[in-house]
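Notes for the one structure printed next.
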Amino acid sequence: MKKSLLLIAVATLAFVACNNESEFHQTYMAKQYQVVYADQTLDSVRYTTTETHTISSDASWCTPIDQYQASINKQIEAHPGIYELAVYLNMKVNTTGKLRTAKITVNGGQYTASAMVIQLANLEVERPQVTLSPDLSGDTISTLGLQGLANTDSIIFHTQYPWTLSVPEGSFITLRKTSGEAGRNVVFFDYPKNPLTEARQEIITLKAFPTTTRRQTSDDELSEEYILTQIPIKQFKAESIKD
831 MKKSLLLIAV ATLAFVACNN ESEFHQTYMA KQYQVVYADQ TLDSVRYTTT ETHTISSDAS
891 WCTPIDQYQA SINKQIEAHP GIYELAVYLN MKVNTTGKLR TAKITVNGGQ YTASAMVIQL
951 ANLEVERPQV TLSPDLSGDT ISTLGLQGLA NTDSIIFHTQ YPWTLSVPEG SFITLRKTSG
1011 EAGRNVVFFD YPKNPLTEAR QEIITLKAFP TTTRRQTSDD ELSEEYILTQ IPIKQFKAES
1071 IKD
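Throughout, this note's numbering is defined as the position within the sequence shown, counted from one, plus 830.
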């Protein structure tokens, strides 16, 4: 989802085909929806149109960057055709703890199309994976299953900001690393044999700290907001890796 602004700008000003027949019109989006993670602040959507147009969003957290729009419309007016375009989106980090959506509309008058940007509540967790519900209404982190005997395992995640990891006091999980910088991270942890006759569960809490989300508290101190992702862990009984 990371893209070069220069490449998108060039793509935005380029058209791939011309059709001078005035009765031929269309506007459509390349995807009906696309997914971004909670800490993403920049992305783009692609669309195709034959019309001069405007681009809008119905959500304040996700706004189109329209600095090239006037030039694009002049190009379309001067050289009618089918244009494959892209628009960048500025997005705020999602610290709400809930999935949220924005409707992006390319308004070409009679020829108008829309697509949805879905910003997940969670950070980008690779192991275990982030899952999106079939109705696109929420996202969760899959449970990472551990064998019952003592061993070492890992979680993998990517953040745009500095992060911390923690487990509850008295947890059976021992993290080998509890903080780090932005990027892709593989963090190993150790755990002992499960002494119980049933599976046991734990939560690893991942927090990312955007530098732009500091707020004033009631006692006149600056409090740093964070993006929270909770990773569920389940250790099976020692005699089996199944319940």
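Beta carbons: idealized from backbone N, C-alpha and C, even for Gly. No experiment lies behind these values; they were computed from the predicted model shown.
How many whole angstroms separate the CB atoms of residue i and residue j, which I take to be in contact at a CB cut-off of 8 Å?
i: residue 992; j: residue 1039; result: 5 Å
i: residue 918; j: residue 857; result: In fact, because the Cβ distance is near 19 Å, the residues do not count as touching under 8 Å.
i: residue 994; j: residue 1004; result: Residue 994 to residue 1004, Cβ: 16 Å. No contact.
i: residue 871; j: residue 920; result: 7 Å
So the candidates are the options; which of them puts its Cα closest to the Cα of residue i?
i: residue 854; options: 989, 1004 and 912; result: 912
i: residue 945; options: 952, 953, 933 and 938; result: 933
i: residue 1012; options: 1036, 1002 and 1004; result: 1036
i: residue 931; options: 905, 891, 943 and 895; result: 891
i: residue 981; options: 966, 965 and 1021; result: 1021
i: residue 899; options: 889, 1063 and 916; result: 916
i: residue 860; options: 947, 979 and 1002; result: 947
Is residue j closer than 9 Å to residue i when the C-beta atoms are compared?
i: residue 866; j: residue 949; result: yes
i: residue 987; j: residue 1006; result: no
i: residue 893; j: residue 887; result: yes
i: residue 955; j: residue 1057; result: no
i: residue 968; j: residue 883; result: no
i: residue 1030; j: residue 1065; result: yes
i: residue 970; j: residue 952; result: yes
i: residue 975; j: residue 1069; result: no
Sort out for me which residues DSSP pairs residue i with in a bridge.
i: residue 1025; result: Residue 1025 pairs with nothing; no bridge assigned.
i: residue 954; result: 988
i: residue 938; result: 941
i: residue 949; result: 866 and 930
i: residue 1038; result: 993 and 1057
Are there any heavy atoms of the ligand ZN lying less than 8 Å away from the beta-carbon of residue i, as far as the coordinates show?
i: residue 901; result: Absence of the ligand ZN is noted for the structure shown, with no ligands found whatsoever.
- Task: Output the residue ranges of the beta strand (DSSP E) runs that lie fully inside the segment 852-934 and measure 3 residues or longer, sorted by chain position.
- Result: Here the runs fully enclosed are 857-859, 863-866, 872-879, 884-887, 892-894 and 913-921.
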